[in-house]
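Trainee:
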Amino acid sequence: MQIRAVVRGVGHYLPERIVPNSEFEETLDTSDEWIKARSGIERRHFAAEGETTSDLAVAAANAALKDAGLSADDMDAIIVATSTADLTFPSVATMVQAGLNMQRGFAYDVQAVCAGFIFALSSANAQILSGQAKRIMVIGAETFSRLMDWSDRSTCVLFGDGAGALILEAQEASGSTADRGILSVDLNSDGRHRDILYVDGGVSTHTTGHLRMQGKEVFRHAVEKLAITAQAAMDQAGVTADDIDWVVPHQANLRIIKGTAKKMGISTERVVITVQDHGNTSAASIPLALSVAKANGQLKENHLVVTEAIGGGLAWGAIVLRW
């Protein structure tokens, strides 16, 4: 027998304001057709004035707790993946802990940009396998609309705000690929590619900054690296592409999603796609997609899932899990 980190519940939250592509036509030299053709995005959600990343995270956390039939004090830890924290410190995770009135355990943030949720899920898995925690809430939450340069039509139309939360729980298992829970993790980073996706500001430079991206370079790296990390995670788990029920990728760009699936030898019918409705919500995109897929009846117990993401750093990785 061995311990697996099994998904117990999932939930998400999207801000009320929906921004269709047509809204950008008023201020930019762009069009709904151009944005859809380039990215597959049709609309996204923007946080309201005064609505923070921790607000979004708390709402998603409450939805996940309800789905799991648990309370905040059933959690041993909260890990939040975000690049858009409310404050320089303290962490968003401690704010979520307070927002849930959780008076035990520990909480911290992980920053790996769009790959953040994969890295956070990996950390939670390791802590569960080590016996440090039995139940961990892993949240991806972002307000990327606060980082946009609204004069840069190549980036500002791509991103949105949102949050998704997932609860992992330690459960005994047989140690086979039939087990529910996380079966494998593959993580990677390469700091030499910093300049193709970054924010040109930060605490030690005394500015907030805006997101900057070399789109063609990001696309080239993304399709190649996502397919490789997904294959590495599948090899480690002892499963093949034919065994996979669902690919749940980071929702950055429809062309990247389709290109990666093709390289993996998996048809798009087995890919959960939400980018058209949410845009790129960075670390929130995978838990958002998982929650939506479960709510839609796509994702069911015992389905085998591979989820992968790449973000600034560059940082990228994949996880294979049985739902």
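At position 145 of the sequence shown the residue is numbered 1223 (this note's numbering), and the sequence of numbers has no breaks. All residues carry an ideal CB built from backbone N, CA and C; glycine is no exception.
1) How many angstroms separate the CA atom of ARG1050 from the CA atom of GLU1104?
2) With a cut-off of 8 Å, do at least 3 Cβ pairs link the stretch 1372 to 1387 to the stretch 1155 to 1175?
3) ALA1083: which of ALA1310, SER1363, SER1252 sits nearest, CA to CA?
4) Please classify PHE1447: does DSSP put it in a helix, a strand, or coil?
5) For ALA1125 and PRO1168, which I take to be in contact (beta-carbon distance under 8 Å), what is that distance rounded to the nearest angstrom?
6) Are there three or more Cβ pairs, one per stretch, closer than 8 Å when the stretch 1313 to 1321 is compared with the stretch 1281 to 1295?
7) Classify LEU1165 as buried or exposed, calling it buried when 16 or more other Cβ atoms lie within 10 Å of its own Cβ.
8) At the level of alpha carbons, what is the spacing between LYS1341 and HIS1328?
9) Could you check the C-alpha separation between LEU1399 and HIS1356 for me, to the nearest Å?
10) Per DSSP, ILE1274 forms a beta bridge with which residues?
11) Can you check whether the CB of VAL1325 is closer than 8 Å to the CB of ALA1315?
12) Hey, quick one: how far does the alpha helix (DSSP H) through MET1342 stretch, first residue to last?
13) Expressed to the nearest angstrom, what Euclidean distance is found between the alpha-carbon atoms of ILE1206 and VAL1170?
14) Please return the same chain residues whose Cβ sits closer than 7 Å to the Cβ of HIS1271, not counting the five positions on each side in sequence.
15) Give the DSSP-derived three-state secondary structure of ASN1266 in the structure shown.
16) Going by the DSSP bridge assignment, what does HIS1123 pair with across the sheet?
17) In terms of residue numbering, what span does the beta strand (DSSP E) encompassing LEU1366 cover?
18) Is the beta carbon of ASP1151 closer than 8 Å to that of ARG1182?
19) Per DSSP, which residues does HIS1381 bridge with? Please list them.
20) Leaving out the 5 sequence neighbours to the left and right, which residues in its chain are closer than 6 Å to TRP1228 when beta-carbon positions are compared?
21) Quick one: measure Cβ to Cβ for LEU1275 and ALA1219, integer angstroms, because I've assumed they're closer than 8 Å.
22) LYS1144: buried (16+ other C-beta within 10 angstroms of its C-beta) or exposed?
23) Of the choices GLN1080, ALA1142, TRP1112, whose alpha-carbon is the least far from that of ALA1243?
24) How would you write the range of the beta strand (DSSP E) that GLU1220 sits in, first residue to last?
25) Whose C-beta lies closer than 6 Å to the C-beta of LYS1294 among residues of the same chain, with five residues either side of it excluded?
Mentor: This is what the structure holds:
1) Within the shown structure, residues of the chain are numbered from 1079 to 1401, placing residue 1050 beyond reach of any answer.
2) no
3) Here residue 1083 refers to the residue found at position 5 when the sequence shown is read from its first residue. The candidate whose alpha carbon is nearest that of ALA1083 is SER1252.
4) The displayed coordinates of the chain run from 1079 to 1401. Any statement about residue 1447 would go beyond what the structure contains.
5) As a first step, residue 1125 must be located in the sequence shown, where it is residue number 47. As a first step, residue 1168 must be located in the sequence shown, where it is residue number 90. Not really, about 20 Å apart at Cβ, beyond 8 Å.
6) no
7) Sequence index remark: in the sequence shown, residue 1165 carries index 87 (1-based). Burial call: exposed.
8) Within the sequence shown, residue 1341 is the residue found at index 263, counting from 1. Within the sequence shown, residue 1328 is the residue found at index 250, counting from 1. Each residue's Cα considered, the two are about 16 Å apart.
9) Here residue 1399 refers to the residue found at position 321 when the sequence shown is read from its first residue. Here residue 1356 refers to the residue found at position 278 when the sequence shown is read from its first residue. Approximately 24 Å, taken between the alpha carbons.
10) Here the question's residue 1274 lines up with position 196 in the sequence shown. Answer is none; ILE1274 lacks a bridge partner.
11) Counting from one through the sequence shown, the residue named residue 1315 turns up at place 237. Counting from one through the sequence shown, the residue named residue 1325 turns up at place 247. No, the pair does not count as a contact, with Cβ atoms beyond the cut-off.
12) Translated into the one-based positions of the sequence shown, residue 1342 becomes position 264. MET1342 -> alpha helix (DSSP H) spans 1332 to 1342.
13) Along the sequence shown, read from residue 1 onward, the residue named residue 1206 stands at position 128. Along the sequence shown, read from residue 1 onward, the residue named residue 1170 stands at position 92. In a straight line, the C-alpha of ILE1206 is about 21 Å away from that of VAL1170.
14) Your numbering for residue 1271 matches position 193 in the sequence shown. For HIS1271, where only same-chain residues beyond five positions count, the Cβ hits under 7 Å are HIS1299, LEU1392.
15) Within the sequence shown, numbered from 1, the residue matching residue 1266 stands at position 188. Residue state, collapsed to three classes: strand.
16) As a working mapping, residue 1123 is identified with position 45 in the sequence shown. According to DSSP, which records beta bridges pairwise, HIS1123 is partnered with ILE1096.
17) Numbered from 1 along the sequence shown, position 288 holds the residue referred to as residue 1366. Where LEU1366 is concerned, there is no enclosing beta strand (DSSP E), although the alpha helix (DSSP H) it sits in stretches over 1363 to 1373.
18) The sequence position of residue 1182 within the sequence shown is 104, counting from 1. The sequence position of residue 1151 within the sequence shown is 73, counting from 1. In contact: ARG1182 and ASP1151 (Cβ atoms closer than 8 Å).
19) Locating residue 1381 in the sequence shown gives position 303, counting from the first residue. Looking at the DSSP assignment, HIS1381 forms no beta bridge with any residue, so it has no partner.
20) Here residue 1228 refers to the residue found at position 150 of the sequence shown. CYS1234, listed in sequence order.
21) In the sequence shown, residue 1275 corresponds to position 197, counting from 1. In the sequence shown, residue 1219 corresponds to position 141, counting from 1. Incorrect: roughly 19 Å between the Cβ atoms, too far for contact.
22) As a working note, residue 1144 is residue 66 in the sequence shown. The residue in question, LYS1144, is exposed, as its Cβ has fewer than 16 Cβ neighbours within 10 Å.
23) Position 165 of the sequence shown, counted from the start, is the residue given in the question as residue 1243. Checking every option, the nearest Cα to that of ALA1243 belongs to ALA1142.
24) Counted from its first residue, the sequence shown places residue 1220 at position 142. Residues 1213 to 1221.
25) Residue mapping note: residue 1294 aligns to position 216 of the sequence shown, counting from 1. Nothing meets the Cβ criterion.
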